[in-house]
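One structure is given here, and the rest of the page talks about it.
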Amino acid sequence: MTTETTDTIAKLDTEGLTLRSVNLWQITWRRLFRRRSAMVGLVILGTLIFIALAAPMLAPYDPTISMLDADPPQKIKARSAPCIHLLGCPEDQPQHIAGVDGNLRDQYSRLIYGSRLSLMVGFSTVTFAIIIGTVLGAMAGYFGGWLDNVIMRVMDVLLAFPSLLLAIAIVTVLGPGLINALLAIGIVSIPAYARVMRASVLTVREMDFVSATRSLGGNTYDILFKCILPNALTPLIVQGTLGIASAILDAAALSFIGLGAQPPTPEWGSMLGAERNQVFTAPHLVFYPGFAIMLTVLAFNLVGDGLRDALDPRLVHASS
Amino acid sequence: MKKNLSVLLSLVVLASVLLAACGGAATEAPAATDAPAATEAPVATEVAATEAPIPDVSIATFDGTSLSVPAEECNGDYIGAVQSVVATDANTVTFTLCRPDPAFLSKIAFSPFSIYPSEWLESASTTDLLEKPIGTGAYVVSEWNRGESITFTANPTHWGDAPEAETIVFRWSSESAARLLELQSGTIDGMDNVGPEDFDTVRGDSNLSLVERPALNVFYVGMTNTFAPFDNQGVRQAIAMGIDRQRIVDNFYPAGSEVASHFTPCAIPNGCVGDAWYEFDATAAKAKLAEAGFPDGFKTKLYYRDVVRGYLPNVSTVAQDIQAQLKENLNIDAEIVVMESGAFIDASGTGSLDGLYLLGWGADYPHITNFLDYHFGAANPQFGNQSDTYTDLLVQGAQIGIPADAESIYVEANNAIREFVPMIPVAHGGSATAYRADVTNQQASPLTNEYFAVSDPGGRDVFVWMQNAEPISMFCADESDGESLRACEQVTEALYSYVVNGTDTVPALAESCTPNDDLTVWTCALRQGVTFSDGSAFDAADVVATFNMGLNIASPTHKGNTGTFFYYDYLWGLMKKPGG
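These protein sequence lines map, in sequence, to chains V and A.
Oh and the first sequence: position 171 is 171 in our numbering, straight run, nothing missing.
Counting the second sequence from 1 gives a position; our numbering is that position plus 1000.
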C-alpha cells in the first residue's frame, strides 16, 4: 500500500515536471488517452468519421436508388431481411448486408451515407451555436449593465422552452427541411454557450493580465478575443462536444417526425420514422438506424466526458 | 498557442459564413411558405377588403311538412337537384327532383342522410347535437371519452333485430402496428386497415383472421393545369406514360389491389368502359416530354399528406417511388412536400397546388357519378380547367337510369378523360380488416361502413373495434370523414341502407321508394311503428325536417360541426342561389 502510494506520487511528480514543458493541448491529449471510456469514444468517432469520408467507397449502392432501378434491376421484395452470402444467404440472391427498406433501397448504403449527415448536423449546429453564443455571452459578460440584462433575459426565455419543442416550433415556421432543422437546433443551443462564455468572461475580465492589457491601451476587440476568449475556450470545447451529441439526437427526432431531412435523403432519424410500423415485421429497418444514432451519441458523450475530465485541473489527480 | 487559436477562430468564422450562406438558400425552399395557397392568400384578402363577398340566399320554403324551392328555379340559377320534399301523409314522403337521378337510392342510403327527430333538431344543444345523436339505429351513444373511446349500448327501442353484442366500444390509433399489437394481445376484437406488411402475420396467426376489403377506391396523381408546365397536355401525357404503375402496385400495395385501368373501379357499372390507361413506356414518355418542349425535364413539387387511406396505404413510400421514377424516366426533379391533412385537402380541392399531388377517393355510394361527376364536373376547380368534351358527356350520362343505356356515353367520357389527362389514375387499393377468430360476421365493407350489430364477439359482452382515428363528431349530416361516418352508422339510419358488407341498397326506415317513369319523382313509403332512441315516434315530418336541416341554409336547424353540410351540398345541392 505504502509502496503503491509512493509510486503514484512519483509518477505524478514526474508528470508534473513534464507538464511544465508542454502546452495545454498536449497535456489534454495525454490525459484523454489515459481514460479508457474516452478512448472508446474516440475510436468510435474516428471510425464514424472514416465511414463518412469514405462513404462512396464503402457503400455498394447509391443510397437513394431503388433496387428496381439498379443496374441490373434486382427482383427483390420491399423490406427484405439482410442477405449476407458469407453467412449462408444463397448466392443467387443479391447481397444486402442490412436488408432493403420499404422503397427497396440498400439499407447498408443508406446507413453509411447517413453518418455523413449526422456528423455534419452535429458539427455545423454546434459551430453555429458556439459562434453566436460566444459573441453574445462575451458581450453580456464584458460590457455588463443593460446589455447583459437584455441578452441574458432573452437567453433565459429560450432556455425556458423544452429545446425540442422550441426547435419544432421554429421548423414549423421556417418549413420542414434539413437546413431549417439545423438552424432550429442551432438556435435552441445558443443559450448554453452564451451562459458558459459569460461566466468565463466574468471570471477572467478582472484578472491582472486583462487589466494590464487594458492599461496598455488594448482595445475591446483585443481584450475580448485575444485575452479573454482563449481562457474561456476550455469549457466551450467540453460543452460543444457534449452539445454535438444532443444536436444529433434533436435532428434525428425532428427527422423522425418528418420535420428534418426530407426524402429521399438518407438520415437515420427519418429512416427510423419511415419504418416505425415495421418494428415486428422488419426489425432490421428500425434496429440499425437506431443503433447508429445510439453509437454516435455515445461516442460524443464519452469523448465529451473525457475532455471535461482532461481539461479540468481539479479532476486530474482524482481520475488519473 | 495563440496562433493555434487564431487559426481555430478563423475556421469557425469561415464555417459560420458557409452555414449562413446555406441557411439563406434553404429558407427559400420550405413547403409551407412556398405553397401556392399561402402565396395566393393575400390576393383573396385584398379582394375581401375592397369588396365583401355577397352571401348566397336561401330559396327554400319550409312549413313543417313540405320543403321546396319554386319549380321555375330548377331552370334558373339554382344548381341543386331537389325541388321538393313533401310529407304526403304521416307515412309517405315524396321527393321531387329537378332532373332525373338514377342513383337516388344509392345516395339516399348514405349515412349523412340519416333521419333525426324533428323536435330534437330544434331543441338539441350543440354538445348533444355533436356527441349524443338521437337515431333509430341498433345502438345509442352512452359515453364519449374524448381522445380515448366511445361506448355504444344497445338501443332497447330498435325496430330491427337485437344487436349481437350488448355494448360496442370504438377506439383508435393512427399506427397500424399499434392496432395489430392490441388485436394480438386480445384487448380489441377487430381493427381497421391492417398494414400491408402485416397481412401475412395476421394470416399466419390462428387466433386472428384477415378480411380483405374490395378495392372500391382510386389513388391518383393529380395536377392542376392552370400551373405551368401542367398546362401543356403533352407534359401531362408524358407523365402518364412515364410512371410505372404496375411496379407501384406490385411493390407497395397489399394483395387484392390492382392497377387502375380507368379512374372508376371496374366493379362499378360503366366504370372501366373505353380505352385502358396509357401503358408504361419510359422511352415514349421521354420523347413526348421532349416534344412538349421539356427535353431536359423540369423541377416541380410532389405534395401529399401523411395519412393512411385504403387507396394509399403506404403514402410516403409510394411518394418516394414516384419521385424516383420521375427522375429516372423523365428527368423531372420532384421535391417532396408533406402537408398537414386539412391544408392539403383545401389546397388540392381548390386547385392551388402548383405541382403534382397524391390523392385518392373512396366510394361514398356505388355509382359511377360518385367518381366521375365529382372529380370531372365542370364546376370542380381541382384539376384546373376541365375539358368540355367530357363534362357535357357526364351530365348526359348521369340522367340515364339503366347502365347499359349509358355505356356508350361513358366510353366517350372515359376516352376523353384519358386524352386530356387531368390526373393519372394509379391504383385501386385493396385493404383489410382483422378480427379475433371467434368474432362472427366479420366485415370489411367496400364502403367502409361496417355495421357491428350483426357481429358476435365470441360470446363476450363487449365488442371493441379499433380504427385509424377518432370520429370528429357524431352528427354525420355535417361530417365527411369516414371514421365519423362509421360511428354514426351504429346509431342512426337513413331511408335506405346498404347491405351489410356490400353495396346493394335495401329498405331501412322506408319500406320502399319508387320512382316515376322519368326518375324525377321518388315516393317513399315509410316503415311504421319505428321510434327514435329518445322515445319519439318516427314519421314523414321527421324526414322533411331532416332534409330541411341539411338543405335549407336559412333554417335555424342548419347548424353542425362545420356548417358546410358537405354531402348534402355535394350530392343534392343546397337550396340556395347566388346573392346580389
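Here a beta-carbon is modelled for each residue, glycine too, at the ideal position from N, C-alpha and C.
Q: Assess, as a yes-or-no matter, whether the stretch 1564-1576 of chain A is touched by the stretch 1546-1555 of chain A under the definition of 3 or more beta carbon pairs within less than 8 Å.
A: yes
Q | Cβ neighbour criterion (16 or more within 10 Å) applied to A/Gly1024 | A | Locating residue 1024 of chain A in the second sequence gives position 24, where the first residue counts as 1. For A/Gly1024, the predicted model reports a pLDDT of 37, less than 50, meaning its position is unreliable and no value from the coordinates is stated.
Q: Tell me where the beta strand (DSSP E) around V/Leu86 begins and ends.
A: Locating residue 86 of chain V in the first sequence gives position 86, where the first residue counts as 1. Run containing V/Leu86: none; DSSP gives neither H nor E here.
(Q) According to DSSP, simplified to helix, strand and coil, what is A/Phe1263? (A) Along the second sequence, read from residue 1 onward, the residue named residue 1263 of chain A stands at position 263. In this structure, A/Phe1263 counts as coil in the three-state DSSP scheme.
Q | Cα-Cα separation between V/Arg153 and V/Ala169, rounded to whole angstroms | A | In the first sequence, residue 153 of chain V corresponds to position 153, counting from 1. In the first sequence, residue 169 of chain V corresponds to position 169, counting from 1. Going by the C-alpha atoms only, they are around 20 Å apart.
Q | Cβ of A/Ile1332 within 9 Å of any chain V Cβ | A | For the purposes of this step, residue 1332 of chain A is identified with residue 332 of the second sequence, where counting begins at 1. It does not: the Cβ of A/Ile1332 has no partner Cβ on chain V nearer than 9 Å.
Q: Output the boundary residues of the alpha helix (DSSP H) element that contains V/Ile244.
A: As a working mapping, residue 244 of chain V is identified with position 244 in the first sequence. Here the alpha helix (DSSP H) through V/Ile244 covers 229-256.
(Q) For A/Gln1386, count the other beta carbons within 10 Å of its own beta carbon; 16 or more makes it buried, fewer makes it exposed. Which is it? (A) One-based indexing of the second sequence puts residue 1386 of chain A at position 386. With 16 or more Cβ atoms within 10 Å of its Cβ, A/Gln1386 is classed as buried.
Q) Should the stretch 1281-1288 of chain A be regarded as contacting the stretch 1237-1245 of chain A, the criterion being three or more beta carbon pairs within less than 8 Å? A) yes
Q: Decide if A/Arg1179 is buried, meaning its Cβ has at least 16 other Cβ atoms within 10 Å, or exposed.
A: Counted from its first residue, the second sequence places residue 1179 of chain A at position 179. Buried.
**Q.** First and last residue of the uninterrupted alpha helix (DSSP H) at A/Cys1488
**A.** Residue numbering aside, residue 1488 of chain A sits at position 488 when the second sequence is read from its first letter. It spans 1482-1489 - the alpha helix (DSSP H) in which A/Cys1488 sits, taken as one unbroken run.
Q. Using a Cβ-Cβ distance under 9 Å, would V/Ser109 count as near chain A?
A. Position 109 of the first sequence, counted from the start, is the residue given in the question as residue 109 of chain V. By this cut-off, V/Ser109 is not an interface position.
Q. Can you tell which of A/Asn1415, A/Val1439, A/Asp1456 has its C-alpha closest to the C-alpha of A/Leu1210?
A. The residue you call residue 1210 of chain A lines up with position 210 of the second sequence. When each option's Cα is compared against that of A/Leu1210, the closest is A/Val1439.
Q: Measure how close the beta-carbons of V/Ala52 and V/Ser115 come, nearest whole angstrom, since I'm counting them as under 8 Å.
A: Here residue 52 of chain V is taken as the residue at index 52 of the first sequence, counted from 1. Here residue 115 of chain V is taken as the residue at index 115 of the first sequence, counted from 1. With a Cβ gap of about 5 Å, V/Ala52 and V/Ser115 count as contacting.
Q. Is DSSP giving V/Asn149 helix, strand or coil here?
A. Locating residue 149 of chain V in the first sequence gives position 149, where the first residue counts as 1. Of the three classes helix, strand and coil, the one that applies to V/Asn149 here is helix, per DSSP.
Q: For V/Thr3, name the three-state secondary structure that DSSP assigns.
A: Position 3 of the first sequence, counted from the first residue, corresponds to residue 3 of chain V. With a pLDDT of 43 at V/Thr3, under the threshold of 50, the modelled position of this residue cannot be trusted; read the value that follows with caution. In this structure, V/Thr3 counts as helix in the three-state DSSP scheme.
Q) Closest by CA to A/Gly1186, which one among A/Ile1059, A/Tyr1435, A/Ile1400? A) For the purposes of this step, residue 1186 of chain A is taken as the residue at position 186 of the second sequence. It is A/Tyr1435 whose Cα lies nearest to the Cα of A/Gly1186.
Q) Taking any Cβ of chain V, which residues in the stretch 1191-1209 of chain A have a Cβ under 7 Å from it, in chain order? A) Gly1195, Glu1197, Asp1198, Thr1201
Q: For the beta strand (DSSP E) containing A/Leu1105, list its first residue and its last residue.
A: By one-based count along the second sequence, residue 1105 of chain A stands at place 105. Run containing A/Leu1105: none in the beta strand (DSSP E); it sits in the alpha helix (DSSP H), 1104-1108.
Q | For A/Ser1111, the nearest candidate out of A/Leu1359, A/Thr1448, A/Ser1173 (CA to CA) | A | In the second sequence, residue 1111 of chain A corresponds to position 111, counting from 1. Comparing Cα positions, the closest option is A/Thr1448.
Q. Using the beta-carbon count (16 or more within 10 Å), is V/Tyr142 buried or exposed?
A. Sequence index remark: in the first sequence, residue 142 of chain V carries index 142 (1-based). The residue is buried, with at least 16 neighbouring Cβ atoms inside 10 Å.
Q. Touching or not, the stretch 268-278 of chain V and the stretch 201-209 of chain V, by the rule of three or more beta carbon pairs under 8 Å?
A. no
Q. Can you list the residues of chain A that V/Ser66 reaches, using a CB-CB cut of under 7 Å?
A. Along the first sequence, read from residue 1 onward, the residue named residue 66 of chain V stands at position 66. Under the 7 Å cutoff, chain A gives Asp1321, Ala1324.
(Q) Quick check: the stretch 1093-1109 of chain A against the stretch 1393-1413 of chain A, are at least 3 beta-carbon pairs closer than 8 Å? (A) yes
Q | Beta-carbon gap between V/Asn23 and A/Ala1177 smaller than 9 Å | A | Numbered from its first residue, the first sequence carries residue 23 of chain V at position 23. Numbered from its first residue, the second sequence carries residue 1177 of chain A at position 177. Against a cut-off of 9 Å, the Cβ pair of A/Ala1177 and V/Asn23 comes out as no contact.
Q. Counting along the chain, where does the beta strand (DSSP E) carrying A/Leu1216 start and finish?
A. Position 216 of the second sequence, counted from the start, is the residue given in the question as residue 1216 of chain A. Taken as a continuous stretch (DSSP letters only), A/Leu1216 belongs to no beta strand (DSSP E), as it is neither H nor E.
Q | Members of the stretch 262-283 of chain V near chain A, C-beta cut-off 8 Å | A | Gln262, Pro263, Pro264, Ala274, Arg276, Asn277, Gln278, Val279, Phe280, Thr281, Ala282
**Q.** Beta-carbon neighbours of V/Pro63, restricted to chain A and to distances below 7 Å
**A.** What you label residue 63 of chain V is simply residue 63 of the first sequence in a count that begins at 1. Residues of chain A passing the Cβ test: none, with the nearest at roughly 12 Å.
Q: Determine the direct distance from the alpha carbon of V/Leu182 to that of V/Met294, and round the result to whole angstroms.
A: Position 294 of the first sequence holds residue 294 of chain V. Position 182 of the first sequence holds residue 182 of chain V. Cα-Cα distance, rounded: 19 Å.
Q. Are A/Ala985 and A/Ser1536 touching if we call contact CB-CB under 9 Å?
A. Only positions 1001 to 1580 of chain A appear in this structure, which leaves residue 985 of chain A out of reach.
Q. For A/His1428, which residues does DSSP report across the bridge?
A. Indexing the second sequence from 1 puts residue 1428 of chain A at position 428. A/His1428 is bridged to A/Glu1258.
Q: Verify the CB distance criterion: does A/Glu1407 have a CB-CB separation below 9 Å to chain V?
A: Residue mapping note: residue 1407 of chain A aligns to position 407 of the second sequence, counting from 1. Chain V contact via Cβ: absent.
Q) Less than 8 Å between the CB of A/Pro1214 and some heavy atom of the ligand ADP, yes or no? A) You won't find the ligand ADP in this model; it holds no ligand whatsoever.
Q: Could you work out which residues of chain A lie near V/Leu104, taking near to mean beta carbons separated by less than 8 Å?
A: As a working mapping, residue 104 of chain V is identified with position 104 in the first sequence. Within chain A, the residues near V/Leu104 are Asn1251.
Q. Roughly how many angstroms lie between the CA atoms of V/Ser118 and A/Val1464, to the nearest whole one?
A. As a position in the first sequence, residue 118 of chain V is number 118, starting the count at 1. As a position in the second sequence, residue 1464 of chain A is number 464, starting the count at 1. For V/Ser118 and A/Val1464, the distance between alpha carbons rounds to 43 Å.
Q) Do A/Leu1067 and A/Val1085 have their C-beta atoms within less than 9 Å of each other? A) On the second sequence, position 67 is the one that residue 1067 of chain A refers to. On the second sequence, position 85 is the one that residue 1085 of chain A refers to. Yes, these two residues count as a Cβ contact at 9 Å.
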